[in-house]
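Down below is the structure, laid out as structure tokens.
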Amino acid sequence: MYSILAAIDPIAFSLGPIDVRWYGVIIATGIIIAFLVGQREMVKRGLHPDFLTDLLIWAVPLAIVGARIYYVIFQWDHYKDNPGEIIAIWNGGIAIHGALIASVIVAYIFTKRRNTSFLKVADILAPSILIGQAIGRWGNFINQEAHGGEVSRAFLENLFIPDWIINQMYIDGAYYHPTFLYESLWSFVGIIILLLLRRVNLVRGEMFFFYVIWYSVGRFFIEGMRTDSLYVIGELRAAQLVSVIAIIISVVFVVYRRVKLKNPPHYLDK
30 MYSILAAIDP IAFSLGPIDV RWYGVIIATG IIIAFLVGQR EMVKRGLHPD
80 FLTDLLIWAV PLAIVGARIY YVIFQWDHYK DNPGEIIAIW NGGIAIHGAL
130 IASVIVAYIF TKRRNTSFLK VADILAPSIL IGQAIGRWGN FINQEAHGGE
180 VSRAFLENLF IPDWIINQMY IDGAYYHPTF LYESLWSFVG IIILLLLRRV
230 NLVRGEMFFF YVIWYSVGRF FIEGMRTDSL YVIGELRAAQ LVSVIAIIIS
280 VVFVVYRRVK LKNPPHYLDK
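This note's numbering puts the first residue of the sequence shown at 30, with every later residue one more than the last.
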């Protein structure tokens, strides 16, 4: 027989009346580790030591805004009747695709103003983005959210995952697919591949486009398992549609630049 432990308390600690949640702690940890990895590579690639710090000052808060706007758009039937809840991000409701879209826009504008190649910066930060995503998904684990459909405990045990993960997937009397874990592991594999690709010295931009393709392929299939998806029309899931569009755009860019550009810059070029 097995024992089911109580779910992990989502509150890490309290500072007076303020509850600090594990979700926020995990997200912050992911950002810090991603920053440290990206910062080291940026300096090696000849960028100013303060470049990434200055970029994140703009990118992080606007990514949160973008994540919320994206979520609100696809839940507009609810928010149009409850406009006061639009800014209530503390009640949950953010989407990683919104954060990524906002971050790319901010980074593009920022690099243009700094007279720096956007694709060079995007290539450098590609592994860092996946690091943040891989770690951040564990915030969903703590909150018992972003999970898949119902499964048996035997199914989870056959995945050879620890009991503490299995127990946390016991929600309201049933076990569920740990889709947060699937996506986190997929991201960690992508990180390893990206770090190895740095040695290959690909054409500038292809590291970033590989990240987009890798994440989008994994997200497309994992999203199909989830029970909390945002939908465009009917059963068309927003994340799957965005993933397909992102893959197509990335492949087109890579092929186009390989065919059209003469002597294009590469990753290791200054």
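Using N, Cα and C, we set each Cβ at its ideal position, and we do this for glycine too.
In the DSSP assignment, what are the bridge partners of residue i?
i    : result
S43  : D48
R287 : Its beta-bridge partners do not exist; DSSP assigns none.
I200 : A203
E179 : Y205
V232 : H295
R227 : DSSP lists no partner for R227.
Y260 : R266
R97  : None; R97 has no bridge partner.
R255 : G177
Rounded to whole angstroms, what's the CA-CA distance from residue i to residue j? Just pull it up for me.
i    : j    : result
Y99  : V271 : 12 Å
R182 : Y204 : 6 Å
K291 : I40  : 55 Å
V150 : D201 : 44 Å
Y296 : R227 : 7 Å
V49  : F217 : 27 Å
V72  : I116 : 37 Å
F64  : W87  : 14 Å
E179 : R287 : 45 Å
M254 : Y199 : 17 Å
P27  : R74  : The structure shown does not extend to residue 27, since the chain is modelled only from 30 through 299, so no value can be given for it.
I222 : P112 : 43 Å
K289 : E264 : 39 Å
I274 : Y285 : 16 Å
D110 : Q104 : 11 Å
V229 : L44  : 48 Å
Once the 5 residues before and after residue i are set aside, which same chain residues still bring their CB inside 6 Å of it?
i    : result
A92  : A128, A131, S132
Q269 : F249, E252
W243 : G219
E70  : I153
Relative to the alpha-carbon of residue i, which residue among the options has its alpha-carbon at the smallest distance?
i    : options                : result
I251 : R228, R74, H206        : H206
A267 : V89, N111, H126, W87   : H126
Y137 : I116, Q162, L154       : L154
G168 : G234, P78, T208        : T208
L188 : L214, M236, I118, I220 : L214
I262 : G45, G75, I102         : I102
A175 : E212, L185, D152, I158 : E212
L259 : L65, I220, H107        : H107
T145 : L81, V180, W105        : L81
R143 : D79, G177, V288        : D79
A35  : K289, N230, D192, V241 : D192
I134 : E70, K109, P90         : P90
V94  : I118, N230, R69        : I118
For residue i versus residue j, is the C-beta spacing smaller than 8 Å?
i    : j    : result
I276 : V232 : no
I160 : I62  : yes
I60  : A96  : no
Q173 : Q197 : yes
L224 : P156 : yes
L84  : F139 : yes
I190 : I37  : no
M236 : D152 : yes
G219 : L148 : no
Spell out whether any CB of chain C is found under 8 Å from the CB atom of residue i.
i   : result
V54 : Included in the structure is just one protein chain, with no chain C present.
By Cβ distance below 7 Å, which residues in the same chain neighbour residue i in space, the five residues on each side in sequence not counted?
i    : result
F238 : S279, F282, V283
Y52  : P39, G168, I171, N172
G67  : L81, I153, L154, S157
F42  : V49
V241 : A275, S279
Beta-carbon within less than 8 Å of residue i's beta-carbon, same chain only, minus the 5 sequence neighbours each way: which residues are those?
i    : result
N120 : E114
T58  : I164
L210 : R166, F170, I190, I194
T256 : H176, G177, G178, Y205
K141 : F147
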